[in-house]
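Here the numbering used here is used: the first residue of the sequence shown is 651, the next is one more, and so on.
Worksheet for the structure shown next.
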Amino acid sequence: MTVKNCLACDRPIKGRIDKKFCDDSCRNNYNNRLNSYSIPLVRNINNILRRNRRILEDLLAPLERKVLVVERQKLAELGFQFQYFTEQYHPDKKEQYFYCYEYGYRSIDQEKVLAVKDTRKRHFIHKHNQVITKRGE
Ligand SMILES: [Zn+2]
């Protein structure tokens with residue numbers, strides 16, 4: 651018997667073998683975004699990013715402080731793909747964070763990373779928009 655993954659969230663599906671989604675909410679999510687994700691490359695990369703995010707979320711969600719030292723090997727075994735991320739963030743020259751949406755990590759050494767939930771202030775995006783607006787004046 652093969653384990654199938656949900657088309658929406660990419661988690662293994664429990665239950666009947668012919669199911670495509672975990673539940674109705676996953677089915678709705680999938681159908682809502684079907685149009686924009688109809689290009690296979692886009693869909694595949696989106697799936698990787700969502701899986702990366704989900705792996706970090708699963709590790710960090712139970713913790714009160716959303717910070718955890720994790721072995722790279724463990725993340726890889728869970729299906730984490732380090733070369734895919736949505737943002738890079740350099741709070742200073744030494745630290746470099748790689749985010750998948752609001753979850754991310756930074757390198758500690760060759761074996762370990764520090765997984766985190768994004769606690770940055772997000773106003774820099776608005777600041778950037780202001781700059782663009784000003785240019786258009
Ligand atoms: Zn699902």
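Every residue gets a Cβ at the ideal spot worked out from N, C-alpha and C, and that includes glycine.
Note that the coordinates shown come from a computational prediction; the quantities given were computed from them, not determined experimentally.
Here the segment 670 to 679 makes no contact with the segment 688 to 699; the two share fewer than three CB pairs at distances below 8 angstroms. One Cα belongs to V653, the other to G754, and the distance between them is close to 27 angstroms. Judged by DSSP in its simplified three-state form, L728 adopts coil rather than helix or strand. Within the same chain, and ignoring the five residues on either side of C750 in sequence, the residues whose Cβ sits closer than 6 angstroms to its Cβ are L699, N702, R703, F735, T736.
It is roughly 8 angstroms from the alpha-carbon of E707 to the alpha-carbon of K767. The beta carbon of S757 is closer than 6 angstroms to those of V763 in its chain, skipping five residues each way along the sequence. Within the DSSP secondary-structure output, V766 pairs in a beta bridge with V717, G754. If you compare the alpha carbons of L713, I705, K743 with that of Q731, the shortest gap goes to I705.
The Cβ atoms of L728 and L718 lie no closer than 8 angstroms to each other. Distances between the C-beta of A658 and the heavy atoms of ligand 1 include at least one below 7 angstroms. Rounded to whole angstroms, the separation of the alpha carbons of K669 and K716 is 33 angstroms.
When C-alpha distances from N681 are compared across G665, K664, C656, R661, the shortest belongs to C656.
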